[in-house]
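Counting from 4, one number per residue, gives the positions in the sequence shown under the numbering used here.
Remarks on the structure that follows.
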Amino acid sequence: ARKALEFAAADEPEQATNALLLLSSAQERAGDPKGSEETLRRILSKEPNNATALNNLGYFLAERNERLPEALELVQRAVRAEPSNPSFLDSLGWIYFRLGKLPEAERYLSDAARRNPASNTIQEHLGDLFQRLGDPQKARSAWQKALTLSVEAADADRIKAKLNGETTK
């Protein structure tokens, strides 16, 4: 699949960006964060204002808890380009959460959840936020919604662990 995406990126210039975005996501899921980052930076070298690449790179950095100031700047640029995109708002809220800026995190995560209440990721992030804010009842409610919306076993297992008090992100 990776070779096919790389071929599509090279062979079809008009579809190169989409192929590279898919490749970066596949690399991240396959445990190749360096490759994913390189692919996203390749997109941004040609399209420095590509909102999806900006968001994805910022989110991937935040998920690894790396270079959070850079992640914040990247995702802020994405949100300026698409201020009502719930995925971008979630990313921004998640970075603020990682930075310990909880009021800002709540603002953006709540907005993301209003715009896309069916996202298990957004609901999980809200649960993590509420837990950190000392509201375990709201945390459990958000995590329960996230569990209901989860389709991948790894997501469900991680959320179940949170509901059982075994771990927090």
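Cβ atoms here follow ideal geometry from the backbone N, Cα and C, with glycine treated the same way.
Query: Taking only three categories from DSSP, how would you classify Arg143?; Result: helix
Query: Mind checking whether Thr55 and Leu24 have CB atoms under 7 Å apart?; Result: yes
Query: Could you pull out every residue in the same chain whose Cβ sits closer than 6 Å to the Cβ of Arg80, ignoring the five residues on either side in sequence?; Result: Leu57
Query: Quick one: is Val154 buried, meaning 16 or more other Cβ sit within 10 Å of its Cβ, or exposed?; Result: exposed
Query: Determine the DSSP secondary structure at Arg117, reduced to helix, strand or coil.; Result: helix
Query: Have a look at Arg135, Gln134, Ala159 and Pro106 and flag the residue whose alpha-carbon is nearest the alpha-carbon of Thr124.; Result: Ala159
Query: Specify the secondary structure class of Asp160 as computed by DSSP and reduced to three states.; Result: helix
Query: So, using beta-carbon positions, are Ala157 and Leu132 closer together than 7 Å?; Result: no
Query: Looking at the structure shown, is Leu136 part of a helix, part of a strand, or coil, going by DSSP?; Result: coil
Query: Whose C-beta lies closer than 8 Å to the C-beta of Gln147 among residues of the same chain, with five residues either side of it excluded?; Result: Leu166
Query: Answer with buried or exposed for Glu76, where buried requires no fewer than 16 other C-beta atoms within 10 angstroms of its C-beta.; Result: exposed
Query: Quick check on the burial criterion: 16 or more other C-beta atoms within 10 angstroms. Buried or exposed for Pro106?; Result: exposed
Query: In the DSSP assignment, the alpha helix (DSSP H) including Ser28 goes from what residue to what residue?; Result: Ala19 to Arg32
Query: Rounded C-beta distance between Leu64 and Glu73? I'm assuming under 8 Å.; Result: 6 Å
Query: So for Gly103, helix, strand or coil by DSSP?; Result: coil
Query: Please classify Gly38: does DSSP put it in a helix, a strand, or coil?; Result: helix
Query: Is there at least one Cβ from chain C nearer than 7 Å to Leu166's Cβ?; Result: You won't find chain C in this structure, because it holds only one protein chain.
Query: Please report the straight-line C-alpha distance between Ala164 and Ala149, rounded to a whole angstrom.; Result: 12 Å
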